[in-house]
Amino acid sequence: MSRKNILFVALVLITVVLFILMVATPKRPQEREQVEVVAPSVNVYRVSADSSPALVRAQGTVEPLRKIDIVSRVSGIITDVSDDFHNGEFFEVGATLVSLEQADYEIALTRARAQLAESERQLAQEQGQSRQAQREWRDLGNDEANALALRKPQLEAARANVAAQQANVRQAELNLERTEIKAPFNMQMAEKFVELGQYVSPGQKIAHVYSTDSLQVRVPLTDRQVRLINLPSRHQDDFSVPTVITGVYGGRVHTWNGELKRVEASLNVASQTVYAVIEVSDLISIDTDTMLPVGLFVEVGIQGEVIEGAISMPRDALKPGNVIYVLRDGSLQFVEAELLQSSPTSVLVIADLMDGDAVITDQMPYAVPGMAVKIKGE
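Residue numbers for the sequence shown, in the working numbering: 3 to 380.
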């Protein structure tokens with residue numbers, strides 16, 4: 003065998019041996035890299051189990067508590083109007099708004115007084131004749147006289163005539179007084195309907211006004227909100243619940259004090275809410291000396307009852323489905339809650355929570371019970 007063939011055979015043998023060794027030798031398993039699970043860090047709110055009064059929030063519009071149309075009781079031409087007889091002006095009770103021409107009513111009063119004087123003269127004359135008839139009847143020695151003989155019917159007629167003339171005088175005086183149309187209470191004029199020189203008739207509107215002694219705010223309350231307020235089951239003269247009213251006017255936030263005085267008789271059929279009426283007696287704001295304007299949209303905070311077990315917390319702590327995420331012993335737990343009240347920043351709930359519990363306020367879309375969680379900064 004030639005040298006060349008020997009080398010070729012040797013090379014083939016070596017290759018076969020190496021292949022057999024590679025196949026026969028077991029592969030060492032590849033070591034997996036250990037991945038450390040990192041618990042997410044979250045922000046929490048520490049629960050305070052102290053019960054505090056609920057603050058029920060509602061919204062409404064300021065309205066007059068008392069609003070009327072002032073009308074003329076008599077007819078005549080307007081001869082004078084107040085310098086303040088304009089829309090938006092304020093008047094104190096008894097202030098004269100407009101005056102009507104008085105000449106006709108002064109004449110009528112003079113005539114009524116003259117007729118009264120004449121009726122009084124006739125009564126005095128009839129009284130004298132009645133006494134004279136009694137003396138004459140007694141002097142004749144007759145028995146008791148009848149009423150006609152003693153002129154009693156004539157006397158009663160004279161007395162009735164005096165009473166009628168007195169009523170006519172009083173009516174004439176009233177008509178004269180009514181030529182001056184005055185403010186029936188402290189008020190603000192919303193709209194006027196007459197001007198100087200205009201003729202008005204009885205019943206004609208002079209102005210539309212509302213009282214400035216107090217205003218009101220009607221706010222709708224849900225069944226859940228009614229539960230938080232101590233409303234009486236029947237009428238109570240002294241019923242009152244403190245309220246705080248806030249509104250933006252003139253680019254500033256103002257605050258007024260009010261009182262919940264009553265609840266309207268029936269539910270709103272469409273919304274199933276009941277309207278509570280808040281009365282505001284002090285119309286000047288407690289912080290900026292601004293008068294509460296009619297028509298202002300306001301928020302009302304009504305002092306509610308202390309609900310045993312109710313807990314206030316940030317709104318972000320209550321997750322969809324009224325569930326609260328609580329961190330206990332380093333793991334996440336789900337706690338169901340009953341929502342009593344909510345606002346843009348907070349909620350009032352009843353839940354199985356303990357004082358000092360760490361309630362998670364962060365959003366955790368993939369949260370599952372039992373997952374490891376840690377508090378930021380700890």
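For each residue, glycine too, the CB sits at the ideal point set by N, CA and C.
Inset, instruction - Go ahead and label residue 313 buried or exposed: buried means 16 or more other beta carbons lie within 10 angstroms of its beta carbon, across all protein chains shown. - result: buried
Inset, instruction - Please report how far the alpha carbon of residue 187 lies from the alpha carbon of residue 315, in whole angstroms. - result: 47 Å
Inset, instruction - Would you please state the rounded distance, in angstroms, between the beta carbons of residue 82 and residue 101? I believe it to be under 8 Å. - result: 4 Å
Inset, instruction - Let me know the secondary structure DSSP gives residue 194 once reduced to three states. - result: strand
Legend entry - Inter-stretch contact (C-beta, 8 Å, three-pair minimum) for the region 221 to 240 and the region 281 to 294: no
Inset, instruction - Scan the region 200 to 263 and note each continuous alpha helix (DSSP H) run of 4 residues or more that stays entirely inside, going in chain order. - result: 225 to 229
Inset, instruction - Assign residue 62 to one of three DSSP states: helix, strand, or coil. - result: strand
Inset, instruction - Give the C-beta separation of residue 80 and residue 206 to the nearest angstrom, bearing in mind that I take them to be a contact with Cβ-Cβ under 8 Å. - result: Residue 206 and residue 80 do not touch by the CB rule: their CB atoms are close to 11 Å apart, not below 8 Å.
Legend entry - residue 68, DSSP secondary structure in three states: coil
Legend entry - Delimiting residues of the alpha helix (DSSP H) encompassing residue 310: Neither: residue 310 is in no alpha helix (DSSP H) and is coded neither H nor E.
Inset, instruction - Decide yes or no for the touch test of the region 123 to 134 against the region 243 to 252: beta carbon pairs closer than 8 Å, at least 3 of them. - result: no
Inset, instruction - Please report how far the alpha carbon of residue 373 lies from the alpha carbon of residue 67, in whole angstroms. - result: 58 Å
Legend entry - Straight-line Cα distance separating residue 78 from residue 120: 29 Å
Legend entry - Beta-carbon spacing of residue 219, residue 55 below 7 Å: no
Legend entry - DSSP beta-bridge partners of residue 316: 348
Inset, instruction - Would you check if the distance between the CB atom of residue 191 and the CB atom of residue 108 is smaller than 7 Å? - result: no
Legend entry - Beta-carbon contacts of residue 210 that lie in its chain and below 6 Å, excluding the five residues immediately before and after: 71, 192, 193
Inset, instruction - Assuming residue 251 contacts residue 295 (C-beta within less than 8 Å), just tell me the rounded distance between them. - result: 6 Å
Legend entry - 8 Å contact criterion, which residue 310 and residue 324 should meet: CB distance rounded: With a Cβ gap of about 19 Å, residue 310 and residue 324 do not count as contacting.
Legend entry - Nearest-angstrom Cα separation, counted from residue 164 out to residue 122: 6 Å
Inset, instruction - To the nearest angstrom, report how far apart residue 69 and residue 57 are at their CA atoms. - result: It is roughly 31 Å from the alpha-carbon of residue 69 to the alpha-carbon of residue 57.
Legend entry - Check whether residue 217 and residue 49 have beta carbons under 7 Å apart: When the beta-carbon positions are compared, residue 217 and residue 49 stay at least 7 Å from each other.
Inset, instruction - Would you check if the distance between the CB atom of residue 111 and the CB atom of residue 183 is smaller than 7 Å? - result: Not in contact: residue 111 and residue 183 (Cβ atoms no closer than 7 Å).
Legend entry - Outcome for residue 278 when other beta-carbon atoms lying within 10 angstroms are tallied against a minimum of 16: buried
Legend entry - Beta-carbon contacts of residue 212 that lie in its chain and below 7 Å, excluding the five residues immediately before and after: 66, 68, 69, 189, 190, 192, 296
Legend entry - Neighbour-count burial assignment, residue 133, 16 or more Cβ in a 10 Å radius: exposed
Legend entry - Residue from 45, 60, 43, 41 whose Cα sits closest to the Cα of residue 230: 60
Legend entry - Same chain, Cβ closer than 7 Å to residue 195, five either side skipped, listed in chain order: 207, 208, 209
Legend entry - C-beta atoms of residue 177 and residue 255 nearer than 7 Å: no
Inset, instruction - Using DSSP bridges, identify the partner residues of residue 326. - result: According to the DSSP secondary-structure assignment, residue 326 is paired through a beta bridge with 320, 337.
Legend entry - Simplified DSSP state of residue 182, which is helix, strand or coil: strand
Inset, instruction - Leaving out five residues on either side along the sequence, give the residues of the same chain with a beta carbon under 6 Å from the beta carbon of residue 352. - result: 311, 312, 340
Inset, instruction - Indicate whether residue 371 and residue 336 have their beta-carbon atoms separated by less than 7 Å. - result: yes
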